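Enquirer: To get my numbering, take the position in the sequence shown, counting from 1, and add 49. Every residue, glycine too, gets a C-beta built ideally from N, C-alpha and C. Since this is a predicted model, take the numbers as computed values, not measurements. The structure under discussion is supplied below as structure tokens; questions concerning it will follow.
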Amino acid sequence: MESARLMTLVEELARPFVARREEAMVLVLGLVSREHVLLIGEPGTGKSALARRLASLVDARFFKYLLTRFTEPSELFGPLDIAGLKEGVYRRITRGKLPEAEIAFLDEIFNANSAVLNSLLSLLQERIVYDGYSEIRTSIWTVIGASNTIPEEPELEALYDRFVLRHLVQPVPAEYWDELIDRAIVIEREGYEAPRPIVTLEDIAKAYEEIFKVDLSPVKDKLLKLFMIFEEKGMHTTDRRKGKAAKIIAAHALIHGRRRADLADLHVLRYIVPRDIDDFEKVKAILFEEVRTRDKIIQELGEIRRSLEAMKPEIKKARTYSPRLIDYYKMLNQLSNRIKSMVADVDDEELINMASELLDEIQELLSIISLKLSM
Ligand SMILES: Nc1ncnc2c1ncn2[C@@H]1O[C@H](COP(=O)(O)OP(=O)(O)O)[C@@H](O)[C@H]1O
Ligand SMILES: [Mg+2]
């Protein structure tokens with residue numbers, strides 16, 4: 050399958066949402082690498098809506114369920130076949146349930162009680178459910194889990210580790226709230242008008258075969274160095290995750306239409322290495338320091354430009370002494386520092402020009418605010 054279709058899937062998935070491009074990429078990375086994805090975030094950040102949209106855009110059998118502490122195995126894996134039991138055969142009727150699904154969305158997955166936990170572990174690991182006397186071979190390709198928090202209970206640790214890709218879904222930043230209100234309505238309507246599929250699971254399976262052909266040699270040394278740095282900073286990556294990292298890096302290259310990995314692909318480590326909540330920011334910062342690729346800087350500058358564009362009308366129409374102005378003032382100063390540190394040691398003229406345009410823009414907005422606050 051052409052990589053362009055994978056990228057279209059990312060764009061199409063993110064399209065109706067505000068600031069959910071990264072989430073869309075993580076989900077597609079999960080599909081292409083045949084790994085499971087955990088979305089961690091407070092309620093209402095669009096996790097379910099994203100999974101729902103993905104289910105429409107990919108032609109595959111989909112199962113979704115909201116777990117509670119009382120969820121029983123039969124709700125996920127199908128009820129026992131009573132007729133079979135009378136003949137002494139222990140089997141489940143799996144039609145329409147998790148074992149026959151290809152993509153599953155398990156909301157509040159860490160609510161799993163011990164009765165379902167073991168089955169989930171083997172489902173995620175081996176794609177088989179051991180169920181008393183029988184074993185059920187499942188069709189599961191990718192499980193998307195959602196949770197408000199990272200589990201602290203040791204018995205859930207193994208389940209957490211099965212999610213190779215983990216992503217913190219942050220609430221949309223203030224400068225996008227205006228847009229959020231307009232867009233959320235459109236997404237609600239999608240409950241009734243689902244989009245048409247643009248790829249099939251067979252397409253995804255073909256892409257999966259391709260990732261093994263991606264040449265990782267250009268990033269190998271840097272990857273080893275990064276694992277050392279993470280380890281030194283107290284962030285241990287299990288051997289399982291180290292191994293899986295290669296697949297995810299290759300999948301990222303493939304989605305971007307490359308058969309050779311490049312440094313930009315190493316940024317996927319931000320979904321693989323973090324374990325505790327604080328790790329996510331730490332890993333991101335380390336990657337940013339260690340792998341400053343041109344594309345990455347351009348992308349971040351683009352994001353900053355969009356934030357500025359969203360802020361500009363708000364600042365202009367804000368009333369004198371409005372307390373919001375102080376927030377904007379702080380935000381702009383932070384953005385300005387971020388831009389300066391991003392280009393501190395690059396000597397690429399185009400990047401420097403982009404950065405200085407943005408810095409000028411920020412200066413202008415800061416002086417408007419200063420006037421309104423009579424500073
Ligand atoms: N980033 C976003 N962009 C647009 N709408 C959003 C966004 N985040 C949330 N929403 C709106 O909020 C609704 C609730 O989100 P939901 O997917 O149920 O959140 P979660 O599953 O994280 O609790 C969505 O259906 C959508 O209308
Ligand atoms: Mg939800």
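Go through the segment 56-101 residue by residue and report every complete run of the alpha helix (DSSP H) that reaches 4 residues or more, in order.
Expert: 70-81
Enquirer: If LYS271 and VAL317 are in contact, beta carbons under 8 Å, what's the gap, nearest whole angstrom?
Expert: Wrong, their Cβ atoms sit about 13 Å apart, outside the cutoff.
Enquirer: If you count every other CB in all the chains shown that lies within 10 Å of the CB of PRO92, and 16 or more means buried, which is it?
Expert: exposed
Enquirer: From PRO200 to ALA313, what does the alpha carbon distance come to, in whole angstroms?
Expert: 30 Å
Enquirer: Which whole-angstrom value is the C-beta distance of LEU116 and ALA150, which I expect to be below 8 Å?
Expert: At roughly 15 Å, the Cβ-Cβ gap does not stay under 8 Å, so LEU116 and ALA150 are not in contact.
Enquirer: So what's HIS305 in DSSP terms, helix, strand or just coil?
Expert: coil
Enquirer: Using alpha carbons as the reference points, say which of ALA359, GLY351, LYS366 and LEU414 lies closest to ILE388.
Expert: Of the candidates ALA359, GLY351, LYS366 and LEU414, GLY351 places its Cα closest to the Cα of ILE388.
Enquirer: Tell me the residue span of the beta strand (DSSP E) that contains SER196.
Expert: 191-196
Enquirer: Identify every residue that forms a DSSP beta bridge with LYS113.
Expert: PHE154
Enquirer: Is the CB-CB distance between ARG319 and LYS333 below 8 Å?
Expert: yes
Enquirer: Quick one, what's near ligand 2 if you take every residue whose CB is closer than 7 Å to any heavy atom, in chain order?
Expert: PRO92, LYS96, SER97, ASP156 and ALA195
Enquirer: Label LYS146 either buried or exposed according to how many other C-beta atoms from any shown protein chain fall within 10 Å of its C-beta, with 16 as the threshold for buried.
Expert: Buried: at least 16 other Cβ atoms inside 10 Å.
Enquirer: When we look at the beta-carbon of VAL503 and count the other beta-carbons within 10 Å, is it buried (16 or more) or exposed?
Expert: Outside the modelled stretch of the chain, which goes from 50 to 424, sits residue 503, for which no answer is possible.
Enquirer: Keeping to the same chain, check which residues put their C-beta closer than 8 Å to that of ARG54; ignore five residues upstream and five downstream.
Expert: ILE247, VAL248 and ASP252
Enquirer: Go ahead and label HIS285 buried or exposed: buried means 16 or more other beta carbons lie within 10 angstroms of its beta carbon, across all protein chains shown.
Expert: exposed
Enquirer: Below 8 Å between beta carbons: does that hold for GLY194 and LEU87?
Expert: Remark: C-beta atoms of GLY194 and LEU87 approach each other more closely than 8 Å.
Enquirer: Three or more C-beta pairs under 8 Å: does that hold for the segment 206-214 against the segment 163-178?
Expert: yes
Enquirer: Tell me which residue opens and which closes the beta strand (DSSP E) that TYR378 is part of.
Expert: Here TYR378 belongs to no beta strand (DSSP E); instead the alpha helix (DSSP H) covers 372-391.
Enquirer: Examine ligand 1 and report whether any of its heavy atoms sits within less than 7 Å of the Cβ of GLY90.
Expert: Distances between the C-beta of GLY90 and the heavy atoms of ligand 1 include at least one below 7 Å.
Enquirer: Check the DSSP bridge columns for GLU184 and list the partner residues they point to.
Expert: TYR179
Enquirer: If we ignore side chains and look at the alpha-carbon of each, how far apart do PRO425 and MET50 end up?
Expert: With the chain covering only 50 through 424, there is no way to say anything about residue 425.
Enquirer: Taking only the alpha-carbon atoms, compute the straight-line gap between ASP409 and ILE346 and give it to the nearest angstrom.
Expert: 18 Å
Enquirer: Going straight from the alpha carbon of GLY95 to that of SER416, what length do you get?
Expert: 36 Å
Enquirer: Should LEU273 be labelled buried (16 or more other beta-carbon atoms within 10 Å of its own) or exposed?
Expert: exposed
Enquirer: Is LYS61 close to ligand 1? I mean its beta-carbon at under 7 Å from any heavy atom of the ligand.
Expert: Note that residue 61 is Glu in the sequence shown here, rather than Lys. For ligand 1, not one heavy atom lies less than 7 Å from the Cβ of GLU61.
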